[in-house]
Structures are given as C-alpha cells and as structure tokens.
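Here is the structure we will look at, set down as structure tokens.
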Amino acid sequence: MAVPNPQDELTRLERLLAKGLPPVVLVTGPSDFFRAAAVDRLLTAVPPDAELRTVDAVEERAGGGGGGGGEDDDADDDGDEAVAEDGGAAALAACPELQDLRGGGLFARRAFVVVRRGTNWWKKHAVTLAGQVARIASGCGFVLEAAKLDKRKKLAAGLVKSLGESGNVFDFRDLYDLPYDRTRSPVEGELCKWVVARSTQLGVALRPDAAWLLIAQVGKGPAELVAELERLVDQFGADKKRPPLLPAALRGKVTCSFESTPFELADAVLGDDRRAAFRSVRAMFDRGVRGKDGKAMDPGGLLPFATSWLFQQLANTYEGRVLLDDGVAARDLAARLGVRQFQDRFVASVQRHALPKLRRGIMALHACQRASRLTAESPDVLLDRFLMQWFDGTPIPTAEEFDL
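Here's what the structure looks like:
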C-alpha cells in the first residue's frame, strides 16, 4: 500500500485527535518536518490536567534487553513473548518512562509520555512496550516519534500491525516534487501544490509558477520553504484578499538557500571566489553537511573536516607552485603530485596563486585550528575569519597572542 500524502496524514491525525488521544500513537517516516508537525498537534491535544513527560532519545543506544532489533529467530521471539507475558519487570525497570502510564502518578492521575527521535528507543524497548500496551491506564497515553520502526522482532511487527489497523500509526514521507506522470508540469507535483496552499494560509498567496520558482531557488525542504514564505510575508504583508503573486514579483525578494560541503568551500577559496566561499560557510553551518549515506554529519566534526580538507588542498597547491617555479612544466604538475581528478582545475589554482599568498593561507589555517582548541569561538566565526585573512589580508594572530 502506497504511503499517503503527508498533508493527508496530518488531516487524518487531526480527525483522530478530535475524538481524544488514543493509548498509543506511532509517528514515523523520513520527513522530519511533517513528523515534527504531527508531534506538535499531539502535544497540543494532551489534556491540561495530565502529567506530560517528554523524552529525547537521540542518544539512546540500540543494544540491550527488550528491543526490536537483533536476530529474527524463533528462540529469540519466544523469549520476547515470555518477557511480554509476565509484564517484563526487568525490562520495565530499564524503561522507567513506561511506568508512568499505569496511572496514579505523583502529581496527576493521568500521564502521557512522548518519546522524540526514538529510532533506537524503539529497537531497545519495543518488546517491553508491546507488553505494556494492555496495562496502560485509562486516560494515559504514549507517543513515539521515530524516522524508522524496526520490525524484525515478531512482537514489534505485531504491535505496528495492530496499531496500524486501528489507525494509530502515521507515516510521513517527503512530498514528491514531480508528478508521477513525467509528461506533466512540475507545478502539478505535490510539493508545488503544498507551497501554493501554505502561501495562501500565510496571506502571501503565490501562483503555481511563482511557487515553483520559489522551490527552484530555495530547495525542496518544507522547513526552508515555510521560512522563505514567512520572509515574503514580512516583505509584502499578509493579505488574503490580494491576487496570487506572479514570478516577476519575487525577483530580488527570494533568498537563495542551498547546501554546501568542505569540498565546495576549498574550490571557492582556491578559485578566488570570495562570495561563494562565505556563502559556502554559511550554508554548511545553517543547513548542515550530509555524508555519502545521506545522513547529516555531526556539527562538532564539521570544522575539523573543513580545515583538514582545506589544508590538504592548500598544501598540494603550494607544492605544485614550488615545482612550477623550479621549472617543471605545468602539464606535468598533476602527475608529479599524484592528482588524478580535476587536474585542469588544480593546475589553474597553482598558476593563479603565488607562493607568498599560499604560505600565508596555510599560516591562517593553522591559526584557525589553534583558535578552535584554545578559544570558545564558534566554528563558523573561525572560518569566516580565515576567509577574511585569505581574501582581504587581515592580520593573522601568532601563537604568542593566545593565552596558553
């Protein structure tokens, strides 16, 4: 069965909440934006006299007791069923948030538990949850939000199936940017229609072709698109009676938002493109960097990654310039230094930059790395300072200027 449009899933959730919160609700799917919107609606629906406990399980480890992962063999499932049947006292002790749902809490007779970013929580505690569903007291409830639900365990799969049959599982995929029939216009895709509807709600209605222009410049992320629509409200004012805006009205009004990587930053630095370099830093820290697996990189590793790659590229270019000044032919530089990809770009960088500038760039990069270890300044500020030292020649602090 195909996953429905995420906006339709939100509408279905609102209809469910109009009847009251059920004992267990699962919110899943790859769309962070729509999962967050669903949880917001669920939190609003929690009765004011209930005790609410919110758990951010992003650092929960997947291993251990009553999880939904592991080998899917009969002996393992038999053990899980035994845990579920006796109430799973030991497993429940490792998952104290579920104990709140038995009623008669310290401050209220009703309790609700909401687990955010709970992919690993589910892997670890799905079997325990399956054993506790029938024991949840009247008026209490549990909500789990997770990008993915591991269903390799029999009890985990059975719980998802039973909750799905009762309409308590909500799956939020990303909006399709193009219609299924590729011969049709992109303005007929789900994403463009959603932007048109959202712009109308905000009082800055767009025509479909203007909405597609917005998508083309800002990107496909719903959160970024909503933020851009809110900026348009600031510029045009909210007026639900105003005719939909044409693409021409958006010229010079729309922010160009995009993702970037340390590789693009290094290309901009060595290509002497000041604007692209600063824009790359801003994009990396505003929107994050994704790895080859498509997952967001830990923000704490972004500065080391960027400075390491920059140093490697600056050092290679420096060595190439030394060889060029010593009389090595430009056509032989890439082979001498083992550069196998983008050789023309590498040679152009070597020819563009003299040794003093490359030497100064390496010193500025060392100062940036030193400051990251010795000061509390933000990584993006440190990279911005490096760029000003590279492009504008601002002073580079020496080791003696740091408080060691």
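Number 489 marks the last residue of the sequence shown (the numbering used here); no jumps.
Backbone N, C-alpha and C define an ideal beta-carbon position, used for all residues, glycine too.
Taking all protein chains in view, the Cβ of ALA368 is crowded by 16 or more other Cβ atoms within 10 Å, so the residue is classified as buried.
Counted as a single uninterrupted DSSP element, the alpha helix (DSSP H) harbouring VAL311 occupies residues 307-321. Considering only ALA222, THR460 and LEU234, the residue with the shortest C-alpha distance to TRP207 is LEU234.
For the beta strand (DSSP E) assignment, the uninterrupted runs of no fewer than 3 residues enclosed by the stretch 210-269 are, from N- to C-terminal side, 226-230 and 254-256. Secondary structure of LEU111 (DSSP, three-state): strand. For ARG100, the enclosing alpha helix (DSSP H) starts and ends at 91-102. Between GLN398 and LEU355, the C-beta gap is smaller than 8 Å, which places the two residues in contact. For VAL281, the three-state secondary structure derived from DSSP is helix.
A check of alpha carbon separations from LEU186 across ALA415, ALA178, GLY224 and GLU275 identifies GLY224 as the nearest. According to the DSSP secondary-structure assignment, ALA196 is paired through a beta bridge with GLU136. Selection VAL339, ASN253 and LEU248 evaluated against VAL318 yields VAL339 as nearest (Cα-Cα). LEU331 sits in coil when the DSSP states are folded into three classes, being neither helix nor strand. In the structure shown, ASP141 falls within a strand segment according to DSSP collapsed to helix, strand and coil. The C-alpha of PHE321 lies about 14 Å from the C-alpha of PRO332.
Counting only residues of its own chain and dropping the five nearest sequence neighbours on each side, PHE396 has a CB closer than 6 Å to the CB of LEU450. PRO441 counts as exposed, since fewer than 16 other C-beta atoms from the protein chains shown sit within 10 angstroms of its C-beta. Counting every other CB atom within 10 Å of its CB across the protein chains shown gives LYS326 a total below 16, marking it as exposed. DSSP, reduced to helix, strand and coil, places ARG201 within a strand of the structure shown. Counting the other Cβ atoms within 10 Å of the Cβ of ASP256 gives 16 or more, which makes it buried. By the CB criterion at 8 Å, LEU260 and GLU275 fall inside the cutoff.
ALA368: member of the alpha helix (DSSP H) spanning 359-372, first to last residue. Distances from the CA of VAL228 to each of ASP262, ARG425 and ASP141 were compared; the closest alpha carbon is that of ASP141.
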